[in-house]
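The structure under discussion appears below in the form of structure tokens.
Chains as they are written, first to last, in our numbering: chain A, 1 to 121; chain B, 1 to 112.
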């Protein structure tokens, strides 16, 4: 069965970086892209970016450009999200999600369990 | 960016009653090449990741109860629950995937 298993909780100080992971199993990794979506406490969903797992090309949300990097390791079927220069408003649950290709953007049919990243001094 | 605006922000409905949630996009998400609307709907319960309910505006995901349905085209979309069950209490989000991805702000559904 399709599974996306994410790494554990992170606590970081303002200005630091965080790198979290999402290990996929149960399907051909290169056939579906991976997106990262975050949710601040009590807030809605914010799409952060997407990576094409076939060729490694990534697209990012404009407001996060320059601070976010999404990468993959095809040898372990794992996607990574790195966020730099952390601020308190980056405190959120970070989800990875499998993107079902549509010919344009993607919708998300499987989600990871979420990782709480807390940014606090 | 395409902005997705949901209404209402919250609603309380009696068990067994019909629920309607609206989602409007700031520009058309109907792709003329395939005549499809690039809209999905998700359900999120507390402490859980979102769950895909509907894609292509009206196609129900496998395993989703048939009381959930999606409709609309162009810029105006609706998620309908035909008869509210207790387990449907959740926050519902629309999403466009016509140009990258954006989500609506969410609609919180409670029991009256």
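Every residue gets a Cβ at the ideal spot worked out from N, C-alpha and C, and that includes glycine. Quick caveat, the model's predicted, so the values are computed rather than measured.
Between which two residues does the beta strand (DSSP E) containing residue i stretch?
i: residue 147 of chain B; result: A query on residue 147 of chain B cannot be resolved here, the shown segment of chain B reaching from 1 to 112 and no further.
i: residue 108 of chain A; result: 106 to 111
i: residue 12 of chain B; result: 10 to 13
i: residue 2 of chain B; result: Neither: residue 2 of chain B is in no beta strand (DSSP E) and is coded neither H nor E.
i: residue 24 of chain B; result: 19 to 25
Check the Cβ of residue i against every Cβ in chain A and list those closer than 9 Å, keeping chain order.
i: residue 106 of chain B; result: 43, 44 and 45
i: residue 30 of chain B; result: Result: empty, since nearest Cβ-Cβ is about 12 Å, beyond 9 Å.
i: residue 61 of chain B; result: 109
Give me the chain A residues within the contact set of residue i, using Cβ-Cβ distance strictly less than 8 Å, ordered along the chain.
i: residue 80 of chain B; result: Simply none; closest approach about 19 Å.
i: residue 102 of chain B; result: 47
i: residue 93 of chain B; result: 44 and 45
If you reduce the DSSP assignment to three classes, tell me which class residue i lands in.
i: residue 86 of chain B; result: helix
i: residue 85 of chain A; result: coil
i: residue 90 of chain A; result: helix
i: residue 17 of chain A; result: coil
i: residue 117 of chain B; result: In the structure as shown, chain B starts at 1 and stops at 112, and residue 117 of chain B therefore has no counterpart that could be examined.
i: residue 33 of chain B; result: coil
i: residue 38 of chain B; result: coil
i: residue 63 of chain A; result: helix
Would you say residue i faces chain A, with C-beta separation under 8 Å as the test?
i: residue 97 of chain B; result: yes
i: residue 11 of chain B; result: no
i: residue 53 of chain B; result: no
Is the Cβ of residue i closer than 8 Å to any Cβ of chain B?
i: residue 94 of chain A; result: no
i: residue 109 of chain A; result: yes
Kindly examine the ligand FMN and report whether one of its heavy atoms sits closer than 7 Å to the Cβ of residue i.
i: residue 58 of chain A; result: As far as ligands go, the structure on display features none, and thus does not contain the ligand FMN.
Pull the bridge partners of residue i from the DSSP assignment, please.
i: residue 73 of chain B; result: B:76
i: residue 98 of chain A; result: A:34 and A:110
i: residue 40 of chain A; result: Residue 40 of chain A is not bridged to any residue.
In chain B, which residues lie less than 8 Å from residue i when you measure between Cβ atoms?
i: residue 106 of chain A; result: 97 and 101
Taking C-beta pairs closer than 7 Å, name the residues in chain B that residue i reaches, listed in chain order.
i: residue 59 of chain A; result: 100
i: residue 113 of chain A; result: 49
i: residue 102 of chain A; result: 38 and 97
List, in order along the chain, the chain B residues whose C-beta lies closer than 9 Å to that of residue i?
i: residue 35 of chain A; result: 101
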